Amino acid sequence: MLFHHHRAAIARPLPSLLLCASLACLASFTSLAPRTMFAQTPRRDIAPEQLAPVVVTASRQPTRVEDQVAHVTVIERAEIERASGRTLAELLAQQPGIQFAANGGLGGTSSVFIRGMESRHTLLLVDGMRYGSATVGAPSLDNLPLDQIERIEIVRGPLSGLYGSEAVAGVIQIFTRRGREGFFPHASATVGSRSYGQLAAGLATGSGPWDLAVNAQHTDTNGFSASNSRAQFGNFNPDHDGFRQSSGSVNGGYRLNANWRARASVLGSAGTTRFDNGPGADTRAHLSTEVMTLGIDGRLTERWRTALRVGRSEDEFDTVVSVSPASLGAFRTTQRQLSWENTFTTPIGSLLLLAETLDQDVSKAGTQFPVQSRQIDSASLGLTGGYRAHVWQANARRDRNSQFGTTDTGSLGYGYDLTRTLRLGASAGTSFVAPSFNQLYFPAFGNPNLQPEEGRHNEFSVRYAEAGHEVRAARFQNRIRGFITSGAQPVNVPTSSIDGWTVTYAARISAWTLGATLETVEPRNDLTGRLLPRRARDTAKANADVDLGDWRFGASLLAVGRRFENTTNTIALAGFYTLDLRADRVLTRDWTLGLRVNNLNDKIYETAFGFNQPRREAYLTLRYAPK
-18 MLFHHHRAAI
-8 ARPLPSLLLC
2 ASLACLASFT
12 SLAPRTMFAQ
22 TPRRDIAPEQ
32 LAPVVVTASR
42 QPTRVEDQVA
52 HVTVIERAEI
62 ERASGRTLAE
72 LLAQQPGIQF
82 AANGGLGGTS
92 SVFIRGMESR
102 HTLLLVDGMR
112 YGSATVGAPS
122 LDNLPLDQIE
132 RIEIVRGPLS
142 GLYGSEAVAG
152 VIQIFTRRGR
162 EGFFPHASAT
172 VGSRSYGQLA
182 AGLATGSGPW
192 DLAVNAQHTD
202 TNGFSASNSR
212 AQFGNFNPDH
222 DGFRQSSGSV
232 NGGYRLNANW
242 RARASVLGSA
252 GTTRFDNGPG
262 ADTRAHLSTE
272 VMTLGIDGRL
282 TERWRTALRV
292 GRSEDEFDTV
302 VSVSPASLGA
312 FRTTQRQLSW
322 ENTFTTPIGS
332 LLLLAETLDQ
342 DVSKAGTQFP
352 VQSRQIDSAS
362 LGLTGGYRAH
372 VWQANARRDR
382 NSQFGTTDTG
392 SLGYGYDLTR
402 TLRLGASAGT
412 SFVAPSFNQL
422 YFPAFGNPNL
432 QPEEGRHNEF
442 SVRYAEAGHE
452 VRAARFQNRI
462 RGFITSGAQP
472 VNVPTSSIDG
482 WTVTYAARIS
492 AWTLGATLET
502 VEPRNDLTGR
512 LLPRRARDTA
522 KANADVDLGD
532 WRFGASLLAV
542 GRRFENTTNT
552 IALAGFYTLD
562 LRADRVLTRD
572 WTLGLRVNNL
582 NDKIYETAFG
592 FNQPRREAYL
602 TLRYAPK
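Residue numbering for the sequence shown follows the numbering used here, starting at -18 and increasing by one per position.
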């Protein structure tokens, strides 16, 4: 059985322990005789032209998607560009195993649920830096502009053994746009329904040892009414709730010599979102996002790579106009992170040794929380390898939280290729989530006696891949002990169970790219037997794209079953389906015109009770990108 141990805080510091562990690993593994490194053995069932992308999120080391036991997907820049008018949460919800809920359209508060688990069970990273609201305790997706994103990696399954708290259902990592050799300016202009307009421009360049990307974007839309007459607590206001956002990013790297490289990135975004919390007022809030990272990585010996990274993120939601004076003011979360990663090549795979510290500070205008900061010191050990028909991954981590003491988590994963095309996989892991500051201390709603949630997880999978086709089926079981209920006065209940299965299909056939997902999940509070709010038991997704040279056409279908708004399952949200169409036309070598129609069937639906989702919308984009 995998360990999962939690005990009171110990004042003893970590640095000396981590330094000794690093030196011990160095002494052990740099003295090994040269041998074939199992982790580098190529998979024998994959032709060179079918090689999958390299990802870093699943193991904190560069590995191919094909060599992962966990279910990993990558959203590349081309797919992001085709998502005109969509929010980040909506884009993620098109991926296997992810559902979303939102209080309105662009700029509205949104949540993502991986495999039916809580939104707070998903860890969000931006260029390796934690980003989100420590007051709410969930990823902040509302003010992250798609135009600043190069790619997104999504890993499903427990990763607390690598990342600590929140990495329960999975990890989503966003990578900002990077430079490349040459000189590549780009620009785009989009117009759409409800007076939507977006302008974006940027530059990707590089020469010799350096690369640089600079990007800027502005979006403005009148939007639609975020709420409807079903809204609870008198929040309905039939006005239009628009959104305005300006953002920019800079990402630069410099190769110091043959072995060492430095990289820095900055992402900033400021927006104003209008929402409803009662009639008569033009309720609005200012959103502010800031993520900064700086790192250096290199090779100390033939088999030892090291990386030192520091980062800072800030998330702010400042309500400036509200029906309720108590709602005015800013919620601000500031996180500072320092990590030291060491990777050793060994005869049984790639060994990761990590030391990390994280400081979280929160504030709420007009409210003084009893505790406004916490520090988490962590040490993690990971092993990733493969040999012929076998792949494996093991992780272990200890987190020392200044509020909740010491917690140990870990995970094991193993895959075996029965044939050149068929793989079986199994994994087990433990996880934990510390309560958010709002859950603990929000006036009249918090509970300072809450304890962290602790999870146990199992997954069994089978994957078939041949001739451009891939089918993957996974059965997962999740048990959360001390599950924290939602709403006012949250409490720890004995357990919640989130079990289910997912079947995915992907194919590239000539000019066609196809994908489909079927998922069934049972997310229940074991104490009451009720389903957890805002998650459907059944979902289906399908997409198809065809590339005809100067023309490209595509369609996406999303079908979501019935859900419940509340914990007692007395308020139902009807199931729905939406169909999106898209087309791109290459005008010249450097110019492309794209058209997208979202919700072609003009479906009226809700993902949160009393809050609208967009009806039929159309977007036209002119894009300039010299080749």
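The C-beta atom is built at its ideal place from N, Cα and C for all residues, glycine as well. Source: prediction; values computed, not measured.
N-terminal and C-terminal residue of the alpha helix (DSSP H) that Arg58 is part of: Counting along the chain, the alpha helix (DSSP H) containing Arg58 begins and ends at 58 to 62.
Inter-residue spacing [alpha-carbon to alpha-carbon] between Arg111 and Ala82: 22 Å
Touch test, the stretch 268 to 276 against the stretch 300 to 310, Cβ-Cβ under 8 Å, three pairs minimum: no
Length-filtered (3 minimum) beta strand (DSSP E) runs lying within the stretch 414 to 491: Given a length threshold of 3 residues, each whole run of the beta strand (DSSP E) inside the stretch 414 to 491 is given here in chain order: 434 to 447, 450 to 465, 473 to 490.
Own chain partners of Arg604 with C-beta closer than 6 Å, once the 5 adjacent residues on each side are dropped: Contacts found: Ser169, Thr573.
Residues of its chain near Thr548, where Cβ-Cβ distance is below 8 Å and the 5 sequence neighbours each way are ignored: Taken in chain order, the residues that qualify are Thr466, Ser467, Gly468, Asn506, Thr509, Arg511, Leu513, Pro514.
CA-to-CA distance, Asn579 to Leu560, given in whole angstroms: 7 Å
According to DSSP, residues forming a beta bridge with Ile133: Ile56, Ile155
Supposed contact pair Asn124 and Ser250 - C-beta distance, whole angstroms, cut 8 Å: 5 Å
Alpha helix (DSSP H) runs wholly inside the stretch 144 to 196, at least 4 long, in chain order: none
Environment of Val36 [buried if 16+ CB atoms lie within 10 Å]: Of the other Cβ atoms in all chains shown, 16 or more fall within 10 Å of the Cβ of Val36; this residue is therefore buried.
Three CB pairs or more closer than 8 Å across the stretch 92 to 100 and the stretch 472 to 483: Between the stretch 92 to 100 and the stretch 472 to 483, the count of Cβ pairs shorter than 8 Å is three or higher; the stretches touch.
Where the beta strand (DSSP E) through Ala83 begins and ends: 79 to 83
Per DSSP, the bridge partner or partners of Val502: Gly481
Local Cβ density within 10 Å of Val352, reported as buried at 16 or more and exposed below that: exposed
Start-end ranges of the beta strand (DSSP E) lying completely within the stretch 490 to 575, minimum 3 residues: 493 to 506, 519 to 528, 532 to 541, 557 to 567
Buried or exposed by the 16-neighbour rule on C-beta atoms within 10 Å, applied to His371: exposed
Boundaries (first-last residue) of the beta strand (DSSP E) holding Glu271: Glu271 -> beta strand (DSSP E) spans 265 to 282.
Residues bridged to Met110 [DSSP beta-bridge criterion]: Val107
C-beta contact flag for Pro120 and Gly109 at 8 Å: no
The ligand NAD heavy atom lying under 7 Å from the CB of Arg236: The ligand NAD is not part of this structure, which contains no ligands at all.
Distance between Gly530 and Gly575 (C-alpha atoms, nearest Å): Answer to the nearest angstrom: the Cα atoms are 14 Å apart.
Complete runs of the beta strand (DSSP E) confined to the stretch 355 to 412 [at least 3 residues]: 371 to 382, 386 to 398
Start-to-end residues for the beta strand (DSSP E) that takes in Leu601: 598 to 605
Beta-carbon proximity of Gly406 to Val55, cut-off 8 Å: Cβ distance not < 8 Å, so Gly406 and Val55 don't count as in contact.
Cβ shell of Arg355 (< 7 Å), same chain only, five flanking positions each side left out: Gln341, Asn382, Ser383, Gln384
Whole-angstrom distance between Pro416 and Thr345, CA atom to CA atom: Sequence check: residue 345 is Lys here, not Thr. Lys345 and Pro416: Cα-Cα distance of roughly 17 Å.
Rounded distance between the beta-carbons of Val291 and Arg101, thought under 8 Å: With a Cβ gap of about 25 Å, Arg101 and Val291 do not count as contacting.
Check whether Thr314 and Asp296 have beta carbons under 8 Å apart: yes
Rounded distance between the beta-carbons of Val149 and Thr38, thought under 8 Å: Incorrect: roughly 15 Å between the Cβ atoms, too far for contact.
Residues that Tyr235 bridges to, as DSSP identifies them: Partner(s): Trp191, Ala243.
Cβ-Cβ distance between Val93 and Ala74 below 8 Å: Contact flag set, yes.
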